[in-house]
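Read through the structure below, which is laid out as structure tokens, and then see the notes.
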Amino acid sequence: MKLKKNLQPTSTEALVLDPFQQKYLAGPPSGKTLVVAGPGSGKTTIALKKTIQIDKEFRSEATRAVLFLSFSRASISAASRSMREELDALKVEFQAQTIDSLAFEICKYDDPNFDENRLARSSFESRLCRATAIAKEDFGDLTADLCHVFIDEAQDISPAQATFLRHYLSHLPSDCGVTVFADPDQEIYRFLDSLDEALEVSRWENLEHEFDFSHGWNLLRFKSSHRPKTASAAALFKALDEVRDMEARSEKVRTLDELQARLPTITLERLAALSNMNNDRNAVLVRNNSDVADVFQGLITAGCTSVSPVLIPEWRGKIPAWVSRAFADFSDQHFHSAELLSYLRPRLTNVELEKTKEVLDLDFQRQMTWNDVRSCFLRAPELLAYSEDSNLAVSTIHQAKGLEFANVGILEPERLLERQPAESELLFVALSRARSNVFRISDPPRANRQNSRRRSFEYKFARSSKKLIGLTILPTDLDVPETLASKSVDALRHATIGDLVAFDPIRTRDYPVYVCSLNGVPFAETSEAFGKVLKRHLGSQSQFPRLGSVPIARLETDFIGLEQTLQAFAIAKPLGFATVN
1 MKLKKNLQPT STEALVLDPF QQKYLAGPPS GKTLVVAGPG SGKTTIALKK TIQIDKEFRS
61 EATRAVLFLS FSRASISAAS RSMREELDAL KVEFQAQTID SLAFEICKYD DPNFDENRLA
121 RSSFESRLCR ATAIAKEDFG DLTADLCHVF IDEAQDISPA QATFLRHYLS HLPSDCGVTV
181 FADPDQEIYR FLDSLDEALE VSRWENLEHE FDFSHGWNLL RFKSSHRPKT ASAAALFKAL
241 DEVRDMEARS EKVRTLDELQ ARLPTITLER LAALSNMNND RNAVLVRNNS DVADVFQGLI
301 TAGCTSVSPV LIPEWRGKIP AWVSRAFADF SDQHFHSAEL LSYLRPRLTN VELEKTKEVL
361 DLDFQRQMTW NDVRSCFLRA PELLAYSEDS NLAVSTIHQA KGLEFANVGI LEPERLLERQ
421 PAESELLFVA LSRARSNVFR ISDPPRANRQ NSRRRSFEYK FARSSKKLIG LTILPTDLDV
481 PETLASKSVD ALRHATIGDL VAFDPIRTRD YPVYVCSLNG VPFAETSEAF GKVLKRHLGS
541 QSQFPRLGSV PIARLETDFI GLEQTLQAFA IAKPLGFATV N
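What the sequence shown shows, in the UniProt record's numbering, is residues 1 to 581, in sequence order.
Rendered as structure tokens:
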């Protein structure tokens, strides 16, 4: 398995090792170790230090590889940047990847002639099922060069993923070690399990059964937390460590409730001002994606000039906005990689440029086509969920897993414990994301708002009737018809996150359709699915209403046409709560 480095340079403070971390590093590279490690315990940096040790052990041999399976690319990327020079000097190959991307690799290995674009568009579940069937067979040559496998965030591995990994690990060479990092108090993804996967036990308990950690595994716990940078943050992390030692769930819930009740309160406006003043990354964490829409729009209205929502995978494509602009600026379907690299250097940030060079392999001099660019991005792992240049992220707690920020505001944290059963693991994760300060954000109640996980509706009640007066606009609510595709690049060339999209009704359709425009220039229309949702909630209203403006959350590229007639177009994805008039 030939693996590439996926690193960008930055600087972080050196990690001071505690006795438990030293004991882990002193163990043999071929050992199997389960490490229970809480937030900020330095597990990803320790994994990189272990990789450096492994490199010394295997330096005299043919090229070997270290595989880091991570729940979140952002978490390992942040730690690895500080060790760029050390990793560049290694002979061992190193890569962090998700379980999904590993399953994708195995499917391609099994059938090299399989349509990669079709495979990329298939669901995670279907790829995982196919990869599991392949992993039950003998494919030792695929894992022959591995000398260590790290598995991060193991408490969130689903039953199907656990079965796949168990079969995959059975093919490792005899001198290949395995390290599993887990924190059962942060298990927050069980709700994603299908009915077939739903278990009486937790995901973590299922993994314990699949991997049988009681036989042949060394067990360690990293107790120190290196994340806190203030006295208040250190006190909070100390309290969270005490929660981990509690056996009774009711005691954990009660203690977490006391912790959230003591948090200082901050308004969105104040957090926006704080974010605009500093150069660090801050976050607002919420429960549902409908809350992400409300908070993102509220921050834009409050004047926060550097804010990005963290969108779920279904709401974001894989082809960045610059591709449509480059397509419009280039005169031919064919071009040289050096020409594209020269075009991008003054237009992308350092982080964006390094990621793009990796995805497109721009260091390799060759002729390219736009279909090559499209295929590379469709096959690539997810790019950054939001720009690291933004000072403030708006995210669900689930999407923020594995990330850390300077300051964090949690929207109505008490609501997490009011649910049945109490979502104590979610609150635990939210409380442990900040290096400096954690705040609670109160939100004025909306008596007539009906919320779901993704979209919310607001009504005005009069006697026995109700009238829709607002709804959430989602990034998937827009389509770009061919008639607008050629105009979209010019319409959105200078657009930025936070710019307002206007919606003008087309009144000749059987369902509501709106032309979407920026500064008066149309670039898209609302989708048929959105129109039918709106029509259903309008009830007996005969006139299609006007919709209020909503901010842009993300800018992307898509393609239409066949390989020889491929045309790139730009698309803006709005997110916010639109008034209905």
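Glycine included, every Cβ here is placed at the ideal spot set by N, Cα and C.
One or two residues paired with residue i in a DSSP bridge
{"i": "Tyr459", "result": "Leu468"}
{"i": "Gly576", "result": "Ile473"}
{"i": "Glu556", "result": "Pro320, Ile571"}
{"i": "residue 582", "result": "Within the shown structure, residues of the chain are numbered from 1 to 581, placing residue 582 beyond reach of any answer."}
{"i": "Gln450", "result": "Phe457"}
{"i": "Glu525", "result": "Asp479, Val515"}
{"i": "Ser395", "result": "Leu285"}
{"i": "Leu142", "result": "Paired residue(s): none; Leu142 is not in a bridge."}
{"i": "His336", "result": "Gln367"}
{"i": "Leu500", "result": "Pro551"}
Simplified DSSP state of residue i, which is helix, strand or coil
{"i": "Tyr109", "result": "helix"}
{"i": "Glu93", "result": "strand"}
{"i": "Tyr511", "result": "coil"}
{"i": "Ala495", "result": "coil"}
{"i": "Asn407", "result": "strand"}
{"i": "Ala434", "result": "strand"}
{"i": "Ile319", "result": "coil"}
{"i": "Pro505", "result": "strand"}
{"i": "Thr369", "result": "strand"}
{"i": "Lys50", "result": "helix"}
{"i": "Lys32", "result": "strand"}
{"i": "Val307", "result": "strand"}
{"i": "Thr132", "result": "helix"}
{"i": "Pro481", "result": "coil"}
{"i": "Arg374", "result": "helix"}
{"i": "Ile99", "result": "helix"}
{"i": "Leu69", "result": "strand"}
{"i": "Ile441", "result": "strand"}
{"i": "Ala272", "result": "helix"}
{"i": "Ala421", "result": "For clarity, residue 421 is Pro in the given sequence; the question names Ala instead. Pro421: coil per DSSP, three-state reduction."}
{"i": "Ser158", "result": "coil"}
{"i": "Thr565", "result": "helix"}
{"i": "Glu549", "result": "Correcting the residue type first, residue 549 is Ser in the shown sequence and not Glu. Strand, per DSSP."}
{"i": "Leu15", "result": "coil"}
{"i": "Ala328", "result": "helix"}
{"i": "Pro37", "result": "The displayed chain sequence assigns Ala, not Pro, to residue 37. The answer is strand: DSSP assigns Ala37 an E or B state."}
{"i": "Gly42", "result": "coil"}
{"i": "Tyr189", "result": "coil"}
{"i": "Val201", "result": "coil"}
Residue i, buried or exposed, once every other Cβ within 10 Å from all chains shown has been counted against 16
{"i": "Gly298", "result": "buried"}
{"i": "Asn350", "result": "exposed"}
{"i": "Pro481", "result": "exposed"}
{"i": "Lys252", "result": "buried"}
{"i": "His148", "result": "buried"}
{"i": "Gln22", "result": "exposed"}
{"i": "His334", "result": "exposed"}
{"i": "Leu274", "result": "buried"}
{"i": "Thr45", "result": "buried"}
{"i": "Pro39", "result": "buried"}
{"i": "Gln564", "result": "exposed"}
{"i": "Lys532", "result": "exposed"}
{"i": "Leu195", "result": "Bear in mind that the predicted position of Leu195 carries a pLDDT of just 47, short of 50, making it too unreliable to give a figure here."}
{"i": "Arg281", "result": "buried"}
{"i": "Ser174", "result": "exposed"}
{"i": "Phe461", "result": "exposed"}
{"i": "Phe94", "result": "buried"}
{"i": "Ile300", "result": "buried"}
{"i": "Lys56", "result": "exposed"}
{"i": "Asp88", "result": "exposed"}
{"i": "Phe428", "result": "buried"}
{"i": "Arg221", "result": "exposed"}
{"i": "Glu458", "result": "buried"}
{"i": "Asp245", "result": "exposed"}
{"i": "Arg64", "result": "buried"}
Review point. Three or more C-beta pairs closer than 8 Å, one from the segment 415-435 and one from the segment 277-297: is that the case here?
Key: yes
Check your understanding: Considering only residues of the segment 204-267, which uninterrupted beta strand (DSSP E) runs meet the minimum length of 3 residues and lie entirely inside it, listed in chain order?
Key -> 218-222
Review point. So does the segment 404-412 actually touch the segment 430-441, counting three or more Cβ pairs closer than 8 Å?
Key: yes
Review point. Hey, is the segment 149-160 in contact with the segment 173-185, meaning 3+ C-beta pairs nearer than 8 Å?
Key: yes
Practice item. Tell me, please, whether the segment 158-167 touches the segment 129-137 by the rule of three or more beta-carbon pairs shorter than 8 Å. Key: yes
Review point. Would you call the segment 527-542 and the segment 564-576 touching, i.e. three or more CB-CB distances under 8 Å?
Key: no
**Study point:** Sufficient close CB pairs (3 or more, under 8 Å) joining the segment 228-238 to the segment 205-215
**Key:** no
Point to revise | the segment 509-521 / the segment 554-561 touching (three or more Cβ pairs under 8 Å) | key: no
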